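Enquirer: Numbering (this note's numbering), first residue to last: 142 to 527. Following this message is one structure expressed as structure tokens.
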């Protein structure tokens, strides 16, 4: 009997301890959960976002001049409204991702204005990609096509909004830079080009070498002298074979294709208008015909020709891959601003000409960059590999 009471008392004591431990666990869990959520909300505050000078002295200053900060209706979108998801799961994921940003704050990745500007496009692009991946959900928390009265918008705005809705576009496709200064999207690829230019100047070519024009370059009928004007022009990415080296000049061989009677333009391939050389009348008469083929699609004759010419040294690179990497960088930086990128192989080589003519005006590319980009797209088109 005494043993039974002891057993019962032991069980009661054990259950009591378990109950107490459970109660303590619940209290700790509630307090911990509450503390966690309090910390989550605290890091969503404007005060937290601008507590470091990197944000306070740059993007915050820009944001204060935007309609998201001050407007006629008195509605303000804070940092978290645009940059932090509202649902708990994606909010936690975003906070975990932000730990990387805290790391870069600790090591001073953008602790000066110069460092920040150098990284501005990278930072902006990361956020644009995130917003595009979520269909601009943070924008849609406040804005929706269904709530828009297009009749109260300007004709231009209404046309753009209705067109975007029909095309299934997302907000960030058209509204980049709405709250912060727009980055210089050309800075990265222009820095890359500067590096390629240095490589080209240092490249020592010898007879028998194959090289590729870094940019449009003048061609001459004789070794060029300082100040002499070129007879013709070779396009970026065009291959040449070095025949002779004389001082700062190269005698080169270029193989290209002439279309029908249009003898003053050479192309990379028959049937594909990938321009490689523009010739004046005299130079066009110096080409040597190699063979003639008929394009089965157009029934037009194309003649393969050989051209020898002189060109200045220092404007060529030794590998085509370096130029294509540069072209891909130009394409990615400039043509992803309004829509997702079309793979170059989505269109054929000739179709890219019209698309570039239509879209180039919307970019900040100069004439030479536009030419190289077109050559890159045509050369990587579904029928343009070279």
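Note that CB positions come from ideal geometry on N, CA and C, so glycine has one too. Here the structure is a predicted model, which means the values were calculated and not measured.
Counting contacts by CB-CB distance shorter than 8 Å, is residue 389 in contact with chain E?
Expert: Absent here is chain E; the protein component of the structure consists of one chain.
Enquirer: For residue 373, which three-state DSSP category applies?
Expert: Indexing the chain shown from 1 puts residue 373 at position 232. In the structure shown, residue 373 sits in a strand (DSSP, three-state: E or B).
Enquirer: Use the C-beta contact count for residue 312: other C-beta atoms within 10 angstroms, 16 or more gives buried, fewer gives exposed.
Expert: Position 171 of the chain shown, counted from the first residue, corresponds to residue 312. Burial call: buried.
Enquirer: Quick one: which unbroken beta strand (DSSP E) runs of 3-plus residues sit fully inside the segment 412 to 438? Chain order, please.
Expert: Fully enclosed beta strand (DSSP E) runs of 3 or longer: 413 to 419 and 429 to 435.
Enquirer: Count the other CB atoms within 10 Å of the CB of residue 197; is the residue buried (16 or more) or exposed (fewer)?
Expert: To locate residue 197, count along the chain shown from 1; it is residue 56. Flag for residue 197 reads exposed.
Enquirer: Near residue 190, what residues of its chain come up, given a Cβ to Cβ distance below 7 Å and the 5 sequence neighbours on each side ignored?
Expert: Taking the chain shown and counting its residues from 1, one reaches residue 190 at position 49. Closer than 7 Å at the Cβ level, and outside the excluded window around residue 190, lie 196 and 220.
Enquirer: With a Cβ-Cβ cutoff of 8 Å, do residue 286 and residue 467 count as a contact?
Expert: Residue numbering aside, residue 286 sits at position 145 when the chain shown is read from its first letter. Residue numbering aside, residue 467 sits at position 326 when the chain shown is read from its first letter. No, Cβ-Cβ distance for residue 286 and residue 467 is not below 8 Å.
Enquirer: To which residues of the same chain is residue 453 closer than 8 Å at the C-beta, ignoring the five residues directly before and after it?
Expert: Position 312 of the chain shown holds residue 453. So the qualifying residues of the chain are 358, 359, 365, 389, 390 and 391.
Enquirer: Could you spell out where the beta strand (DSSP E) holding residue 452 opens and where it closes?
Expert: Stepping through the chain shown from its first residue, residue 452 is reached at position 311. 442 to 453 is the span of the beta strand (DSSP E), which, as asked, contains residue 452.
Enquirer: Considering just the uninterrupted stretch of the alpha helix (DSSP H) at residue 296, what are its terminal residues?
Expert: As a first step, residue 296 must be located in the chain shown, where it is residue number 155. Looking at the DSSP string, the run of the alpha helix (DSSP H) that includes residue 296 is 296 to 308.
Enquirer: Rounded to a whole number of angstroms, what is the C-alpha to C-alpha distance between residue 508 and residue 518?
Expert: The residue labelled residue 508 in the question sits at position 367 within the chain shown. The residue labelled residue 518 in the question sits at position 377 within the chain shown. Cα-Cα distance, rounded: 16 Å.
Enquirer: Contact between the segment 374 to 387 and the segment 411 to 421: three or more CB pairs below 8 Å?
Expert: They touch, by the three-pair rule.
Enquirer: Using the C-alpha atoms, what's the distance from residue 241 back to residue 500?
Expert: Here residue 500 corresponds to residue number 359 of the chain shown, with the count starting at 1. Here residue 241 corresponds to residue number 100 of the chain shown, with the count starting at 1. Using only the alpha carbons, I get a separation of about 36 Å.
Enquirer: With DSSP collapsed to three states, give me the class of residue 533.
Expert: Beyond the ends of the chain as shown, which are 142 and 527, falls residue 533; an answer cannot be given.
Enquirer: What's the C-alpha gap between residue 487 and residue 496?
Expert: Along the chain shown, one-based indexing puts residue 487 at 346. Along the chain shown, one-based indexing puts residue 496 at 355. Computed Cα separation, rounded: 12 Å.
Enquirer: What residue range does the alpha helix (DSSP H) around residue 515 cover?
Expert: By 1-based counting over the chain shown, the position of residue 515 is 374. Segment 508 to 520, the alpha helix (DSSP H) holding residue 515.
Enquirer: Assign residue 439 to buried or exposed, taking buried as 16 or more other Cβ atoms, counted over all protein chains shown, within 10 Å of its Cβ.
Expert: Translated into the one-based positions of the chain shown, residue 439 becomes position 298. Flag for residue 439 reads exposed.
Enquirer: Would you tell me roughly how many angstroms separate the C-alpha atoms of residue 403 and residue 520, rounded to the nearest one?
Expert: Working through the chain shown from its first residue, we reach residue 403 at position 262. Working through the chain shown from its first residue, we reach residue 520 at position 379. Spanning the two alpha carbons is a distance of roughly 21 Å.
Enquirer: Work out the CA separation of residue 185 and residue 380 for me, nearest whole Å.
Expert: Position 239 of the chain shown, counting from 1, holds the residue named residue 380. Position 44 of the chain shown, counting from 1, holds the residue named residue 185. Residue 380 and residue 185: Cα-Cα distance of roughly 55 Å.
Enquirer: Who are the Cβ neighbours of residue 187 in its own chain at under 7 Å, not counting the five residues just before and after it?
Expert: Against the chain shown, residue 187 aligns to sequence position 46. Excluding positions up to five away in sequence, the list reads 219 and 220.
Enquirer: Just curious, the beta strand (DSSP E) that residue 351 is in, first and last residue?
Expert: By one-based count along the chain shown, residue 351 stands at place 210. Residue 351 -> beta strand (DSSP E) spans 351 to 354.
Enquirer: With a threshold of 16 other CB atoms inside 10 Å of the CB of residue 397, please say whether the residue is buried or exposed.
Expert: Locating residue 397 in the chain shown gives position 256, counting from the first residue. Result: buried.
Enquirer: Would you grab the beta carbon distance between residue 458 and residue 332 for me? Rounded to a whole angstrom, and I think it's under 8 Å.
Expert: As a position in the chain shown, residue 458 is number 317, starting the count at 1. As a position in the chain shown, residue 332 is number 191, starting the count at 1. Not quite, the Cβ-Cβ distance comes to about 16 Å (not below 8 Å), so this is no contact.
Enquirer: Which residues share a DSSP beta bridge with residue 460?
Expert: Sequence index remark: in the chain shown, residue 460 carries index 319 (1-based). Residue 460 is not bridged to any residue.
Enquirer: Look at residue 528 and residue 405 and say whether their C-beta atoms are less than 8 Å apart.
Expert: Outside the displayed span of the chain (142 to 527) sits residue 528, for which this structure offers no information.
Enquirer: Measuring only the C-alpha atoms, how far is residue 530 from residue 474?
Expert: There is no way to answer for residue 530, as the model of the chain reaches only from 142 to 527.
Enquirer: Does the structure place the segment 274 to 284 close enough to the segment 299 to 317 that three or more beta carbon pairs sit under 8 Å?
Expert: Taking 8 Å as the limit for Cβ pairs, the verdict is that the segment 274 to 284 does touch the segment 299 to 317.
Enquirer: Which residue's Cα is closest to the Cα of residue 394: 401, 251, 352 and 324?
Expert: For the purposes of this step, residue 394 is taken as the residue at position 253 of the chain shown. The option with the nearest alpha carbon to residue 394 is 352.
Enquirer: Whole angstroms is fine: what's the gap from residue 249's alpha carbon to residue 478's?
Expert: Counted from its first residue, the chain shown places residue 249 at position 108. Counted from its first residue, the chain shown places residue 478 at position 337. Using only the alpha carbons, I get a separation of about 28 Å.
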